[in-house]
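Residue numbers (my numbering): 642 to 1131.
The C-beta atom is built at its ideal place from N, Cα and C for all residues, glycine as well.
Remarks on the structure that follows.
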């Protein structure tokens, strides 16, 4: 069935940047987006159904690469003064006798609620994070199998894997923070994560991609970090690791391993374009470290690491990126995450814009267009195919990319349902611009340090959103106007 969805505004992509289309529309045939453009032009195509959204903004689905799918401990521990902060961490005694607060059925209920909240907030693609505070260690393979079932039923696209760790932050008997380890539990966790990768391959569903999601860098031994790097290379998997996010983390890693967290990432083989790092805050440029650029951001940019910026969470913990604009100028690949409840990326963007103005002391330095670039076209580079498996062709479920008729290159395919399009209703303010699309940002994108981001970024063959404009079938370039699976390479 061919459907035309129209609205007073449509956010699209012209192959270089996002544009605002007044009186725009999206033409859909079955499960494929055929065209995005002017309402009047698209209306000349015969359709079976016309959905008029009226005074609304129709956008691509939102992409959250640090999406909380668990209990949000931030609600409790982002208010505590220093003298009370230790009360929100495991004690050494509890480490010896931990217990799971929720059983498997209750954990499924928690995740079902959280995933429903993602959909309600317009998030269609996500990478989950867990709060292990209430667990007896971390997530299990069975937890993620259940999450994948719920996620698929909601039509969300998940990049999933169980969390795992070899240590836990605790308060020692002397009252000082430290990390206690169970290295065998860490090895079991990695084995469970690899088992889940096997599960996602058997599913062969483009809505579920297996990734490796270890916990925080200070809770993983160097040996386990090396094992993760080798497994990611062997399996062609992306890795997301919380690192570079706090002063306590940096102090502990330097004290324990004799190097900074960034150096530990490099030493263990994880520093590559497979790596996704929330939050990437504590680097040399941060005032709490050196307050000057000695090359840390250049290391991230040259390696192709993606930093997940979570502006609302940073604000709640009063610990900001220094700065969003500077990271972009230095070529760091930025994408966005919520990392807390509610999973409201639009609120997060607004918070980030206001913080950027404060940091710069300049109302013109909010980088609003840059935030929306990070939202939709940020993200990691495509993972390379598994070296131990021959390539195989697999038709993606419900999402396709193709060269469009009439010689026009439009965006990749996306499902027409509510999980694929986000509509924001509201009155117009001021006069409507002319019939031609207005650029969301007239300035050129900052040049990326890595050549792959200099206008020739390849999409993630396994469906990761936000890798930039893909090559069109038959030549040309398909702009990334809708976040969707871009190829069918297995």
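With respect to the alpha helix (DSSP H) encompassing residue i, which residues constitute its N-terminal and C-terminal limits?
i, result
"residue 937", "937-944"
"residue 620", "The chain is shown only over 642 to 1131; residue 620 falls outside these bounds and no answer can be derived."
"residue 1013", "1009-1018"
"residue 788", "782-795"
"residue 769", "Run containing residue 769: none in the alpha helix (DSSP H); it sits in the beta strand (DSSP E), 764-770."
"residue 993", "986-1001"
"residue 876", "863-876"
"residue 953", "952-957"
"residue 733", "733-737"
Where do the N-terminal and C-terminal ends of the beta strand (DSSP E) with residue i fall, by residue?
i, result
"residue 838", "Per DSSP, residue 838 belongs to no beta strand (DSSP E); it is in the alpha helix (DSSP H), 824-844."
"residue 800", "798-801"
"residue 675", "673-679"
"residue 966", "Careful: residue 966 lies outside any beta strand (DSSP E), inside the alpha helix (DSSP H) at 965-970."
"residue 1159", "The question about residue 1159 has no answer here: the residues shown for the chain are numbered 642 through 1131."
"residue 975", "974-977"
"residue 812", "808-812"
"residue 849", "849-851"
Leaving out five residues before and five after residue i in sequence, what residues of the same chain have Cβ atoms less than 6 Å from its Cβ?
i, result
"residue 941", "973"
"residue 771", "711, 780 and 804"
"residue 826", "778"
"residue 793", "848"
"residue 963", "926 and 927"
"residue 906", "912"
"residue 932", "none"
Under a Cβ-count criterion, where at least 16 other Cβ atoms within 10 Å of its own Cβ denotes burial, should residue i be classed as buried or exposed?
i, result
"residue 888", "exposed"
"residue 646", "buried"
"residue 868", "buried"
"residue 860", "buried"
"residue 754", "exposed"
"residue 652", "buried"
"residue 745", "exposed"
"residue 902", "buried"
"residue 890", "buried"
"residue 660", "buried"
"residue 886", "buried"
"residue 741", "exposed"
"residue 1014", "buried"
"residue 642", "exposed"
"residue 773", "buried"
"residue 899", "exposed"
"residue 1058", "Confidence is the limiting factor: at residue 1058 the pLDDT is only 34, short of 50, which leaves the residue's position unreliable, though a coordinate-based value still follows. Per the 10 Å Cβ criterion, exposed."
"residue 999", "exposed"
Quick check on residue i: does DSSP put it in helix, strand or coil?
i, result
"residue 712", "coil"
"residue 656", "coil"
"residue 665", "strand"
"residue 775", "helix"
"residue 915", "coil"
"residue 651", "strand"
"residue 902", "helix"
"residue 748", "helix"
"residue 932", "coil"
"residue 703", "strand"
"residue 742", "coil"
"residue 818", "strand"
"residue 686", "coil"
"residue 697", "strand"
"residue 884", "strand"
"residue 926", "coil"
"residue 855", "strand"
"residue 949", "strand"
"residue 670", "strand"
Could you give the C-beta distance for residue i and residue j, rounded to a whole number, given that I count them as a contact under 8 Å?
i, j, result
"residue 855", "residue 882", "5 Å"
"residue 769", "residue 917", "About 13 Å separates the two Cβ atoms, so there is no contact after all."
"residue 913", "residue 945", "7 Å"
"residue 759", "residue 708", "6 Å"
"residue 923", "residue 952", "Actually they are not in contact, since the Cβ atoms of residue 923 and residue 952 sit about 16 Å apart, beyond 8 Å."
"residue 764", "residue 705", "5 Å"
"residue 949", "residue 919", "4 Å"
"residue 718", "residue 644", "Contact flag wrong, Cβ pair sits at about 46 Å."
"residue 841", "residue 851", "4 Å"
Taking 7 Å as the limit between beta carbons, can you name the residues of its chain near residue i, skipping five residues before and five after?
i, result
"residue 657", "none"
"residue 909", "863, 866, 867 and 870"
"residue 782", "803, 833, 836 and 837"
"residue 819", "811 and 813"
"residue 751", "711, 712 and 743"
Skipping 5 residues on each side, what residues in its chain have a beta carbon closer than 8 Å to that of residue i?
i, result
"residue 728", "721"
"residue 681", "664"
"residue 816", "727"
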